[in-house]
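For the sequence shown, the working numbering begins at 9 and goes up steadily by one.
Note that the Cβ used here is the ideal one computed from N, Cα and C, for glycine as well.
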Amino acid sequence: MVNLFRLLGLPDPNKAQPKPPRTNTTTVDPGPQAGAGFHDFGEEIWSERTEKLTRTAERNVIYQKPDDLHRLQLHGMEHELAQGNMLLVDLGGLAQLPSQKDVCSRRVQELGERFDIPVFSLNDSDSLLMVPGARMRVDTERHKLGMAIWSQLPESESTF
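Right, dumping it as structure tokens:
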């Protein structure tokens, strides 16, 4: 008679094999084990080194979307743009209200015109607008913002 368990590669329950006793050499601590040859990045020496090497951010990205009454709160954004912060305005929640979306879009355009800063649309539906801050460059020659254009670039430029 053919042993079905052996044919399927399963252990035979009729032949109980005693299991060797296990010695627990690991701990419950999720960190690196002692003597494993790894560094524990949770140690204070590594966090101090990271703080020294990491620069603090000088600029911010400000994300705005209309409030519950479908208005944009752009008061004080002139100061933020003058400091070099970028403004992202998300009008995606106003897809069902095209007239209110146009009003909010016009307010963002007026904000850009006051400082002679172009306003960029990051998607086809013009629901995600970007206003770059002072001393910020946007490459409009080779890049279409928000779209991958690897197929249009020469081979030398498409590699990482």
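Beta-bridge partners of Gln72 (DSSP): Val97. For Met144, there is no enclosing beta strand (DSSP E), as DSSP marks it with neither H nor E. With a contact defined as Cβ atoms closer than 8 Å, Ala142 and Ala65 miss out at about 16 Å. Here the alpha carbons of Lys73 and Gly101 stand approximately 8 Å from one another. The shortest C-alpha to C-alpha distance from Leu77 to any of Cys112, Asp20, Pro21 is the one to Cys112. Under DSSP, Met138 takes part in a beta bridge, and its partners are Leu96, Phe128. In this chain, the alpha helix (DSSP H) harbouring Thr58 covers 52 to 61. The beta carbon of Leu105 lies closer than 7 Å to those of His78 in the same chain, with the five residues before and after it left out. Apart from sequence neighbours up to five positions away, the residues of its chain that approach Ile70 with a beta-carbon distance below 8 Å are Met85, Glu88, Asn93, Met94, Leu95, Leu96, ordered along the chain. Judged by DSSP secondary structure, Gly120 falls within the alpha helix (DSSP H) whose first and last residues are 106 to 122. Residue burial is scored here from C-beta neighbours: Val116 has at least 16 other C-beta atoms within 10 angstroms and is therefore classed as buried. When only Cα atoms are considered, Ser133 and Arg150 end up about 21 Å apart.
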